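Numbering (the numbering used here), first residue to last: -15 to 255.
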Amino acid sequence: MPEGHTVHRLARLHQDRYGGSPVEVTSPQGRFSAGASKVDGRTLCGAQAHGKHLFHVYGPDAVVHVHLGLYGAFREHPLPVARPQGQVRMRMVGPTHWTDLRGPAACELLTDDEVATLRGRLGPDPLRADADPDRAFSRISRSRTPLAALLLDQSVVAGAGNVYRAEVLFRHGVHPMLPGRDLPRERWDAMWADLVALMADGVRAGRIDTVRPEHTPEATGRPPRVDRHGGEVYVYRRAGLPCLVCGTPVASTRLAGRNLYWCPTCQPERA
DNA sequence: GATCTATGTAGAT
DNA sequence: TCTACCTAGATCG
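So this is what it looks like as structure tokens:
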């Protein structure tokens, strides 16, 4: 399940597996047949990510753009290839491995201009060296919108999702409903630096871990979230369980259609 | 087997 | 604010 760290991890993997080699690209399901036929057999020049968007560059004006959405997933296997199972939007076959893409929100062939337009809509990505956190703060500092919503707005920060938003707010003691313009600059700088470090860890580990060693369920004797796969976290999907730091039951609500979690004690109303 | 849910987003209302 | 998209794993019966 994809936040930015997953997509950056995929970009690195695809670069390793397919970069510099001709790739057989097809769409067994058919919905990407036209795009696939334009890059089929060409050499993958590079794979990169911006936020939750993945780009496979086969040449000028030949960029496969993938957004996994909520359900999308890549699955990789060593050769030889097997018959497609289910709805495979895109299949890539390289020198050693093949990869199937299922259920993406987007899988399309873009020109360089279209890529530039898309990326122009995205805010700075904590996982990219070219990211400028000032751009995010200038949006945040002028907005009355709650920070919980700003952190999920991909034009403010690209790549953070529901887990990282809940966890970074917790780790900095910031109430999710705090209006953006009430967030002090120093607090934002610390949150950004933390996102950079947490998400880089996520790329390395392939999961989201945000809990400091002294606060783990093992160290505190407090319960982990029910579904443990995906990493150890402070508040995400721990509604009603005692906070790993203070023991207060973790609160949850729904904001703009997404589940939101926070600790009422560790994250007071004012920053 | 049916049902629910999800680390997401666009577009309609 | 709501719905559709579309897949898979978890949970229910």
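C-beta atoms are modelled at their ideal positions from N, C-alpha and C, and glycine is treated no differently.
Given the structure is predicted, the values throughout are model-derived calculations rather than measurements.
Residues near residue i by beta carbon distance below 7 Å, same chain, minus five either side
i	result
residue 253	159
residue 64	none
residue 90	49, 50 and 51
residue 184	111
residue 237	244
residue 30	-1, 3 and 41
Cβ distance (whole Å) where residue i is taken to contact residue j below 8 Å
i	j	result
residue 7	residue 76	5 Å
residue 247	residue 217	So it is not a contact: roughly 12 Å between Cβ atoms.
residue 187	residue -7	5 Å
residue 71	residue 106	28 Å between Cβ atoms; not a contact.
Residue i in three-state terms, based on DSSP
i	result
residue 263	Past the boundaries of the shown model lies residue 263; the chain is included only from -15 to 255, so the question cannot be answered.
residue 112	coil
residue 21	helix
residue 39	strand
residue 245	strand
residue 236	strand
residue 226	strand
residue 252	coil
Residues bridged to residue i (per DSSP)
i	result
residue 84	59 and 75
residue 130	163
Status (buried if at least 16 other CB within 10 Å, exposed otherwise) for residue i
i	result
residue 165	exposed
residue 250	buried
residue 96	exposed
residue 109	buried
residue 227	buried
Nonlocal neighbours in the same chain, by C-beta distance under 8 Å from residue i, ignoring five residues either side
i	result
residue 124	131, 134, 140, 164, 165, 167 and 172
residue 178	152, 155 and 156
residue 5	27, 28, 78 and 79
Neighbourhood of residue i by C-beta, 6 Å cutoff - its chain only, sequence neighbours within 5 removed
i	result
residue 9	20, 23, 24 and 76
residue -9	33, 36 and 38
residue 150	219, 220 and 245
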